[in-house]
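Asks: Residue numbers (the working numbering): 2 to 360.
Glycine residues also receive a C-beta, built at the ideal position from the N, C-alpha and C atoms.
Here it is, the structure in full.
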(Lines of atoms letter the chains of each structure in order from A and count residues from 1; the text may use other names and numbers.)
(Lines give C-alpha, C1' and ligand atoms only; values in the text may rest on other atoms or scores of the structure.)
Protein backbone atom coordinates (compact mmCIF):
# COMPACT_ATOMS: atom_id res chain seq x y z
CA UNK A 1 0.00 0.00 0.00
CA UNK A 2 2.82 2.41 0.84
CA UNK A 3 4.55 1.66 -2.47
CA UNK A 4 1.31 2.37 -4.36
CA UNK A 5 0.62 5.61 -2.47
CA UNK A 6 4.21 6.73 -3.08
CA UNK A 7 3.88 5.96 -6.80
CA UNK A 8 0.79 8.19 -6.99
CA UNK A 9 2.62 10.92 -5.04
CA UNK A 10 5.41 10.93 -7.63
CA UNK A 11 2.84 11.42 -10.39
CA UNK A 12 0.13 13.72 -9.00
CA UNK A 13 0.29 17.11 -7.27
CA UNK A 14 -2.11 16.13 -4.50
CA UNK A 15 -2.54 12.64 -3.03
CA UNK A 16 -4.73 11.89 -0.01
CA UNK A 17 -4.74 8.52 1.76
CA UNK A 18 -7.72 7.51 3.91
CA UNK A 19 -6.19 5.10 6.42
CA UNK A 20 -7.03 3.20 9.58
CA UNK A 21 -3.36 2.71 10.43
CA UNK A 22 -0.08 3.23 8.59
CA UNK A 23 2.56 0.58 9.32
CA UNK A 24 5.89 1.60 7.86
CA UNK A 25 8.58 -1.02 7.51
CA UNK A 26 11.55 -0.52 5.25
CA UNK A 27 9.99 1.98 2.84
CA UNK A 28 8.35 5.01 4.51
CA UNK A 29 5.25 6.77 3.26
CA UNK A 30 6.09 9.85 1.20
CA UNK A 31 5.68 13.18 2.98
CA UNK A 32 3.76 14.30 -0.12
CA UNK A 33 0.88 11.99 0.85
CA UNK A 34 -1.71 13.61 3.12
CA UNK A 35 -3.14 11.06 5.58
CA UNK A 36 -6.77 11.24 6.69
CA UNK A 37 -7.65 9.02 9.63
CA UNK A 38 -10.59 6.61 9.54
CA UNK A 39 -11.64 3.68 11.76
CA UNK A 40 -8.90 1.10 12.33
CA UNK A 41 -9.79 -2.38 11.08
CA UNK A 42 -10.42 -4.85 13.93
CA UNK A 43 -10.17 -8.53 12.92
CA UNK A 44 -10.60 -9.99 16.41
CA UNK A 45 -14.06 -11.39 15.62
CA UNK A 46 -16.74 -11.42 12.94
CA UNK A 47 -18.92 -8.77 14.63
CA UNK A 48 -15.91 -6.49 15.20
CA UNK A 49 -14.90 -6.81 11.55
CA UNK A 50 -18.40 -5.90 10.35
CA UNK A 51 -18.65 -3.00 12.82
CA UNK A 52 -15.31 -1.47 11.80
CA UNK A 53 -16.10 -2.01 8.10
CA UNK A 54 -19.40 -0.19 8.53
CA UNK A 55 -17.98 2.77 10.44
CA UNK A 56 -15.04 3.09 8.01
CA UNK A 57 -17.40 3.04 5.03
CA UNK A 58 -19.55 5.83 6.48
CA UNK A 59 -16.44 7.87 7.24
CA UNK A 60 -15.18 7.40 3.67
CA UNK A 61 -18.57 8.38 2.23
CA UNK A 62 -18.94 11.58 4.25
CA UNK A 63 -15.34 12.67 3.77
CA UNK A 64 -15.68 12.23 0.00
CA UNK A 65 -19.06 13.97 -0.07
CA UNK A 66 -17.93 17.05 1.82
CA UNK A 67 -14.18 17.33 1.28
CA UNK A 68 -12.96 15.70 -1.91
CA UNK A 69 -15.56 16.19 -4.65
CA UNK A 70 -12.89 17.21 -7.19
CA UNK A 71 -10.57 14.26 -6.60
CA UNK A 72 -10.20 11.09 -8.66
CA UNK A 73 -10.71 8.13 -6.32
CA UNK A 74 -8.92 4.80 -6.08
CA UNK A 75 -10.86 2.46 -3.78
CA UNK A 76 -9.31 -0.56 -2.09
CA UNK A 77 -11.62 -3.35 -0.94
CA UNK A 78 -10.95 -2.92 2.75
CA UNK A 79 -13.57 -2.14 3.89
CA UNK A 80 -14.99 -4.41 1.17
CA UNK A 81 -17.87 -2.04 0.40
CA UNK A 82 -15.68 1.08 0.20
CA UNK A 83 -16.55 1.70 -3.45
CA UNK A 84 -20.29 1.80 -2.65
CA UNK A 85 -19.60 5.49 -1.96
CA UNK A 86 -19.71 6.02 -5.72
CA UNK A 87 -23.43 5.29 -5.62
CA UNK A 88 -23.72 8.79 -4.13
CA UNK A 89 -20.92 10.80 -5.77
CA UNK A 90 -19.86 11.38 -9.35
CA UNK A 91 -16.05 11.41 -9.00
CA UNK A 92 -14.02 9.43 -11.51
CA UNK A 93 -12.95 6.24 -9.75
CA UNK A 94 -11.13 2.93 -10.01
CA UNK A 95 -11.34 -0.10 -7.70
CA UNK A 96 -8.48 -2.28 -6.47
CA UNK A 97 -10.03 -5.65 -5.65
CA UNK A 98 -8.01 -7.69 -3.14
CA UNK A 99 -11.02 -9.76 -2.02
CA UNK A 100 -13.91 -10.47 -4.39
CA UNK A 101 -17.22 -9.75 -2.69
CA UNK A 102 -19.90 -11.02 -2.47
CA UNK A 103 -18.12 -14.25 -3.49
CA UNK A 104 -15.94 -14.14 -0.37
CA UNK A 105 -19.15 -14.51 1.66
CA UNK A 106 -19.31 -18.18 0.61
CA UNK A 107 -17.23 -18.84 3.72
CA UNK A 108 -20.15 -17.78 5.94
CA UNK A 109 -22.84 -19.51 3.89
CA UNK A 110 -24.04 -16.52 1.85
CA UNK A 111 -24.41 -17.60 -1.78
CA UNK A 112 -26.39 -16.96 -4.95
CA UNK A 113 -30.06 -16.51 -4.16
CA UNK A 114 -29.38 -14.81 -0.85
CA UNK A 115 -30.65 -11.21 -0.67
CA UNK A 116 -27.28 -9.83 0.49
CA UNK A 117 -25.42 -11.72 -2.23
CA UNK A 118 -27.79 -10.67 -5.01
CA UNK A 119 -27.87 -7.02 -3.90
CA UNK A 120 -24.08 -6.81 -3.68
CA UNK A 121 -23.70 -8.47 -7.09
CA UNK A 122 -26.11 -5.95 -8.63
CA UNK A 123 -24.15 -3.05 -7.14
CA UNK A 124 -20.93 -4.55 -8.52
CA UNK A 125 -22.33 -4.69 -12.03
CA UNK A 126 -23.57 -1.12 -11.80
CA UNK A 127 -20.42 0.44 -10.31
CA UNK A 128 -17.81 -1.64 -12.12
CA UNK A 129 -19.42 -0.60 -15.41
CA UNK A 130 -18.90 3.05 -14.40
CA UNK A 131 -15.37 2.57 -13.09
CA UNK A 132 -12.36 3.82 -15.01
CA UNK A 133 -10.41 0.62 -14.22
CA UNK A 134 -10.71 -2.50 -12.09
CA UNK A 135 -7.41 -3.78 -10.68
CA UNK A 136 -6.88 -7.19 -9.12
CA UNK A 137 -4.10 -9.54 -8.06
CA UNK A 138 -4.38 -12.64 -10.22
CA UNK A 139 -5.88 -14.18 -13.33
CA UNK A 140 -8.13 -16.32 -11.13
CA UNK A 141 -9.56 -13.25 -9.45
CA UNK A 142 -9.99 -11.62 -12.85
CA UNK A 143 -12.04 -14.62 -13.96
CA UNK A 144 -14.32 -14.28 -10.92
CA UNK A 145 -14.66 -10.52 -11.50
CA UNK A 146 -15.65 -11.11 -15.13
CA UNK A 147 -19.12 -12.02 -13.80
CA UNK A 148 -19.52 -8.35 -12.96
CA UNK A 149 -17.55 -6.46 -15.61
CA UNK A 150 -15.98 -7.04 -19.02
CA UNK A 151 -12.48 -8.51 -18.94
CA UNK A 152 -11.20 -5.59 -21.00
CA UNK A 153 -11.67 -3.31 -17.99
CA UNK A 154 -9.81 -5.62 -15.58
CA UNK A 155 -6.06 -5.18 -15.11
CA UNK A 156 -4.08 -7.83 -13.23
CA UNK A 157 -1.19 -6.49 -11.12
CA UNK A 158 0.48 -9.08 -8.85
CA UNK A 159 1.68 -8.16 -5.38
CA UNK A 160 5.32 -7.97 -4.27
CA UNK A 161 7.40 -8.11 -1.06
CA UNK A 162 7.17 -5.19 1.36
CA UNK A 163 10.97 -5.09 1.77
CA UNK A 164 14.03 -5.36 -0.44
CA UNK A 165 15.84 -7.39 2.22
CA UNK A 166 14.59 -10.78 1.03
CA UNK A 167 17.49 -12.42 -0.79
CA UNK A 168 19.34 -15.76 -0.74
CA UNK A 169 21.67 -16.14 2.25
CA UNK A 170 24.15 -19.05 2.46
CA UNK A 171 23.48 -21.22 5.49
CA UNK A 172 27.00 -20.62 6.73
CA UNK A 173 26.24 -16.88 6.92
CA UNK A 174 22.67 -17.06 8.19
CA UNK A 175 22.33 -16.31 11.95
CA UNK A 176 18.83 -17.83 12.06
CA UNK A 177 20.20 -21.12 10.71
CA UNK A 178 22.99 -21.12 13.27
CA UNK A 179 20.68 -20.26 16.16
CA UNK A 180 18.40 -23.20 15.41
CA UNK A 181 21.17 -25.65 14.39
CA UNK A 182 19.94 -26.14 10.84
CA UNK A 183 23.32 -26.04 9.07
CA UNK A 184 23.23 -29.68 8.00
CA UNK A 185 19.47 -29.99 7.55
CA UNK A 186 17.22 -29.90 4.51
CA UNK A 187 14.62 -27.46 5.86
CA UNK A 188 10.97 -27.82 4.86
CA UNK A 189 9.41 -24.58 6.09
CA UNK A 190 5.89 -23.37 6.71
CA UNK A 191 5.59 -19.80 7.99
CA UNK A 192 2.19 -18.23 8.56
CA UNK A 193 -1.21 -18.77 10.15
CA UNK A 194 -2.03 -22.10 11.77
CA UNK A 195 -5.81 -21.86 11.67
CA UNK A 196 -8.29 -24.66 11.22
CA UNK A 197 -8.51 -24.01 7.46
CA UNK A 198 -4.74 -24.25 6.93
CA UNK A 199 -3.49 -27.70 5.92
CA UNK A 200 -0.38 -27.52 8.09
CA UNK A 201 -1.02 -30.92 9.66
CA UNK A 202 -0.10 -32.61 6.37
CA UNK A 203 3.51 -31.67 7.16
CA UNK A 204 3.30 -33.68 10.37
CA UNK A 205 2.06 -36.63 8.31
CA UNK A 206 5.11 -36.18 6.08
CA UNK A 207 7.38 -35.79 9.11
CA UNK A 208 6.09 -39.06 10.55
CA UNK A 209 6.87 -40.84 7.27
CA UNK A 210 10.40 -39.42 7.09
CA UNK A 211 11.37 -39.30 10.78
CA UNK A 212 14.11 -41.90 10.25
CA UNK A 213 15.86 -39.51 7.86
CA UNK A 214 17.70 -37.11 10.17
CA UNK A 215 18.77 -34.87 7.26
CA UNK A 216 15.20 -33.59 6.67
CA UNK A 217 13.78 -31.16 9.21
CA UNK A 218 10.32 -29.57 9.28
CA UNK A 219 10.16 -26.00 10.60
CA UNK A 220 6.71 -24.54 11.34
CA UNK A 221 6.57 -20.86 12.25
CA UNK A 222 3.39 -19.07 13.29
CA UNK A 223 0.35 -18.86 15.53
CA UNK A 224 -3.26 -19.96 15.30
CA UNK A 225 -5.96 -22.14 16.81
CA UNK A 226 -4.49 -25.30 15.31
CA UNK A 227 -1.04 -24.77 16.82
CA UNK A 228 -1.74 -26.45 20.23
CA UNK A 229 -3.05 -29.49 18.35
CA UNK A 230 0.10 -29.61 16.23
CA UNK A 231 2.35 -29.25 19.27
CA UNK A 232 0.51 -32.03 21.08
CA UNK A 233 0.89 -34.35 18.11
CA UNK A 234 4.61 -33.57 17.77
CA UNK A 235 5.04 -34.51 21.43
CA UNK A 236 2.87 -37.63 21.36
CA UNK A 237 4.34 -38.98 18.12
CA UNK A 238 7.92 -38.21 19.09
CA UNK A 239 8.54 -36.13 15.98
CA UNK A 240 12.04 -34.87 16.76
CA UNK A 241 12.34 -33.78 13.13
CA UNK A 242 9.76 -31.01 13.70
CA UNK A 243 10.33 -27.61 15.30
CA UNK A 244 7.49 -25.15 15.95
CA UNK A 245 8.40 -21.51 16.52
CA UNK A 246 6.52 -18.28 17.15
CA UNK A 247 6.16 -15.70 14.39
CA UNK A 248 9.53 -14.04 14.00
CA UNK A 249 10.31 -10.32 14.49
CA UNK A 250 10.29 -8.23 11.34
CA UNK A 251 14.06 -7.92 11.20
CA UNK A 252 14.49 -11.70 11.51
CA UNK A 253 12.01 -12.74 8.79
CA UNK A 254 14.41 -12.29 5.82
CA UNK A 255 16.81 -14.67 7.58
CA UNK A 256 14.16 -17.21 8.57
CA UNK A 257 12.72 -17.31 5.06
CA UNK A 258 16.20 -17.69 3.57
CA UNK A 259 16.68 -20.79 5.74
CA UNK A 260 14.03 -22.67 3.72
CA UNK A 261 15.26 -25.33 1.31
CA UNK A 262 11.64 -25.99 0.41
CA UNK A 263 8.88 -23.47 1.21
CA UNK A 264 5.34 -24.69 1.88
CA UNK A 265 2.32 -22.69 0.70
CA UNK A 266 -1.18 -23.87 1.65
CA UNK A 267 -4.54 -22.80 0.22
CA UNK A 268 -8.04 -24.06 0.99
CA UNK A 269 -10.83 -24.77 -1.46
CA UNK A 270 -12.39 -21.32 -1.10
CA UNK A 271 -9.24 -19.28 -1.71
CA UNK A 272 -7.22 -21.59 -3.94
CA UNK A 273 -8.62 -20.46 -7.27
CA UNK A 274 -8.18 -16.75 -6.63
CA UNK A 275 -5.40 -16.24 -4.12
CA UNK A 276 -1.61 -16.09 -4.02
CA UNK A 277 -0.49 -15.63 -0.39
CA UNK A 278 1.80 -12.63 0.04
CA UNK A 279 4.57 -14.75 1.57
CA UNK A 280 4.90 -16.52 -1.79
CA UNK A 281 6.70 -13.48 -3.21
CA UNK A 282 9.04 -13.38 -0.20
CA UNK A 283 9.96 -17.03 -0.69
CA UNK A 284 10.59 -16.41 -4.39
CA UNK A 285 12.96 -13.59 -3.47
CA UNK A 286 15.08 -15.87 -1.29
CA UNK A 287 15.18 -18.50 -4.04
CA UNK A 288 13.14 -21.16 -2.27
CA UNK A 289 11.50 -23.94 -4.32
CA UNK A 290 7.79 -24.24 -3.55
CA UNK A 291 5.73 -27.13 -2.22
CA UNK A 292 2.09 -26.08 -2.58
CA UNK A 293 -0.81 -27.80 -0.85
CA UNK A 294 -3.87 -26.58 -2.71
CA UNK A 295 -7.05 -27.55 -4.60
CA UNK A 296 -6.84 -28.77 -8.22
CA UNK A 297 -7.81 -25.34 -9.57
CA UNK A 298 -5.31 -22.93 -8.08
CA UNK A 299 -3.24 -19.84 -8.85
CA UNK A 300 -0.28 -21.66 -7.31
CA UNK A 301 -0.50 -24.42 -9.92
CA UNK A 302 -0.33 -21.79 -12.65
CA UNK A 303 2.65 -20.10 -10.96
CA UNK A 304 4.69 -23.27 -10.42
CA UNK A 305 3.92 -24.56 -13.91
CA UNK A 306 4.90 -21.25 -15.47
CA UNK A 307 8.22 -20.90 -13.65
CA UNK A 308 8.96 -24.62 -13.00
CA UNK A 309 9.97 -23.80 -9.44
CA UNK A 310 7.89 -26.27 -7.47
CA UNK A 311 4.94 -28.64 -7.44
CA UNK A 312 1.41 -28.69 -6.10
CA UNK A 313 -0.43 -31.46 -4.29
CA UNK A 314 -3.77 -32.18 -2.71
CA UNK A 315 -3.70 -32.24 1.09
CA UNK A 316 -4.73 -35.90 0.83
CA UNK A 317 -1.71 -36.83 -1.30
CA UNK A 318 0.75 -37.28 1.56
CA UNK A 319 2.71 -39.92 -0.34
CA UNK A 320 3.21 -37.55 -3.27
CA UNK A 321 4.28 -34.77 -0.91
CA UNK A 322 6.82 -37.04 0.80
CA UNK A 323 8.20 -38.26 -2.53
CA UNK A 324 8.68 -34.67 -3.69
CA UNK A 325 10.40 -33.65 -0.44
CA UNK A 326 12.76 -36.61 -0.70
CA UNK A 327 13.40 -35.98 -4.40
CA UNK A 328 14.42 -32.35 -3.85
CA UNK A 329 16.39 -33.22 -0.71
CA UNK A 330 18.47 -35.85 -2.51
CA UNK A 331 18.89 -34.15 -5.89
CA UNK A 332 21.06 -31.02 -5.52
CA UNK A 333 20.76 -30.20 -9.22
CA UNK A 334 16.95 -30.23 -9.07
CA UNK A 335 16.99 -28.06 -5.95
CA UNK A 336 19.43 -25.64 -7.58
CA UNK A 337 17.35 -25.40 -10.76
CA UNK A 338 14.10 -24.77 -8.89
CA UNK A 339 15.84 -22.22 -6.67
CA UNK A 340 17.17 -20.36 -9.72
CA UNK A 341 13.69 -20.41 -11.25
CA UNK A 342 12.18 -18.93 -8.09
CA UNK A 343 14.70 -16.09 -8.28
CA UNK A 344 13.81 -15.55 -11.94
CA UNK A 345 10.13 -15.47 -10.99
CA UNK A 346 10.80 -12.92 -8.24
CA UNK A 347 11.84 -10.37 -10.87
CA UNK A 348 8.20 -10.21 -12.01
CA UNK A 349 7.01 -9.34 -8.50
CA UNK A 350 8.78 -6.16 -7.40
CA UNK A 351 7.75 -2.71 -6.16
CA UNK A 352 7.95 -1.54 -9.78
CA UNK A 353 4.47 -3.07 -10.08
CA UNK A 354 3.15 -0.12 -8.05
CA UNK A 355 3.55 2.13 -11.08
CA UNK A 356 1.30 -0.15 -13.15
CA UNK A 357 -1.65 1.28 -11.22
CA UNK A 358 -0.92 4.63 -12.85
CA UNK A 359 0.46 3.90 -16.29
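Suppose you measure from the CA of residue 79 to the CA of residue 52; what does that come to, to the nearest Å?
Replies: Taking the straight line joining both Cα atoms gives about 13 Å.
Asks: What's the C-alpha gap between residue 247 and residue 194?
Replies: For residue 247 and residue 194, the distance between alpha carbons rounds to 10 Å.
Asks: In the DSSP assignment, what are the bridge partners of residue 312?
Replies: Residue 312 is bridged to 292.
Asks: By how many angstroms is the C-alpha of residue 345 removed from the C-alpha of residue 209?
Replies: Distance between the alpha carbons of residue 209 and residue 345: 33 Å.
Asks: According to DSSP, is residue 302 part of a helix, a strand, or is it coil?
Replies: Of the three classes helix, strand and coil, the one that applies to residue 302 here is helix, per DSSP.
Asks: I need the straight-line Cα distance from residue 97 to residue 38, nearest angstrom please.
Replies: Residue 97 and residue 38: Cα-Cα distance of roughly 20 Å.
Asks: Residue 187: buried (16+ other C-beta within 10 angstroms of its C-beta) or exposed?
Replies: So residue 187 ends up on the buried side.
Asks: Quick check on the burial criterion: 16 or more other C-beta atoms within 10 angstroms. Buried or exposed for residue 312?
Replies: So residue 312 ends up on the buried side.
Asks: Starting from residue 236, follow the alpha helix (DSSP H) in both directions and report where the run begins and ends.
Replies: Element bounds for residue 236: 228–237.
Asks: Would you kindly report the start and end of the unbroken alpha helix (DSSP H) that includes residue 335?
Replies: From DSSP, the alpha helix (DSSP H) with residue 335 extends over 333–347.
Asks: Mind checking which residues open and close the alpha helix (DSSP H) that includes residue 285?
Replies: Unbroken alpha helix (DSSP H) run through residue 285: 280–286.
Asks: Give the C-beta separation of residue 268 and residue 290 to the nearest angstrom, bearing in mind that I take them to be a contact with Cβ-Cβ under 8 Å.
Replies: The Cβ separation is near 17 Å, so there is no contact.
Asks: Please return the same chain residues whose Cβ sits closer than 8 Å to the Cβ of residue 294, not counting the five positions on each side in sequence.
Replies: Correct list, in chain order: 200, 203, 265, 266, 267, 268, 313, 314, 315, 316 and 322.
Asks: Alpha carbon to alpha carbon, how far is residue 229 from residue 141? Give it in angstroms, no decimals.
Replies: Roughly 34 Å separates the two Cα atoms.
Asks: How big is the Cα-Cα spacing for residue 146 and residue 19?
Replies: Rounded to the nearest angstrom, the two C-alpha atoms are 25 Å apart.
Asks: Figure out for me which residue from 351, 118 and 257 has the closest Cα to the Cα of residue 179.
Replies: When only C-alpha atoms are compared, the closest one is 257.
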